[in-house]
Amino acid sequence: MTRLFLLAPFALAACQMDGASPAGAPRMDQAGTCFLYVQDQPDGRFTVVSGVGDGSDAPEAMVTKGLDGAAADALWAKERKTMDVNPECLAILATDRAQARPAPRS
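Mind the numbering: the sequence shown is residues 1 to 106 in the working numbering, read in order.
Written out as C-alpha cells, the structure is:
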C-alpha cells in the first residue's frame, strides 16, 4: 500500500505531461501557453511580441515595434509580470532581449 502512495505522484506527473514537447517545455501553438519574445530589427531597434496560444500554428499576438533597448526591456518586464498572474496562462514561454530572435525577412 505504501508503494502505491509513493508511485501516485509520478503517475499524475505523467498524465500532466501529455501534449508537451519532448523536453516538457511549453510551445506557442499549445492552447493556454502565454508567449513573450523580442525580435532584433536590422535598424538596431527591437520588437516585442506577446500573446496566448490558441492551438493554432500562428496565434494572434500583440506586436510593439520600434523600441530601443531600454523600452523593450521595460515592456518585456511588464508583460512578464502580467503573465505570472494571468489565469489564462497555463504555461509560459518567455525569452528576453538577450535571446532576441532575428526579424523575419519581408
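For glycine and all other residues, C-beta sits at the position ideal for the given N, C-alpha and C.
Exposure label - residue i; buried when at least 16 CB within 10 Å
i: residue 33; result: buried
i: residue 62; result: exposed
i: residue 84; result: exposed
i: residue 60; result: exposed
i: residue 56; result: exposed
Proximity of residue i and residue j at Cβ, strictly below 8 Å
i: residue 72; j: residue 48; result: yes
i: residue 92; j: residue 42; result: no
i: residue 39; j: residue 80; result: no
i: residue 68; j: residue 97; result: no
i: residue 54; j: residue 31; result: yes
Write down every uninterrupted run of the beta strand (DSSP E) in the segment 17 to 101 whose length is 3 residues or greater and which is fully enclosed by it, in chain order.
33 to 40, 46 to 52, 62 to 67, 91 to 94
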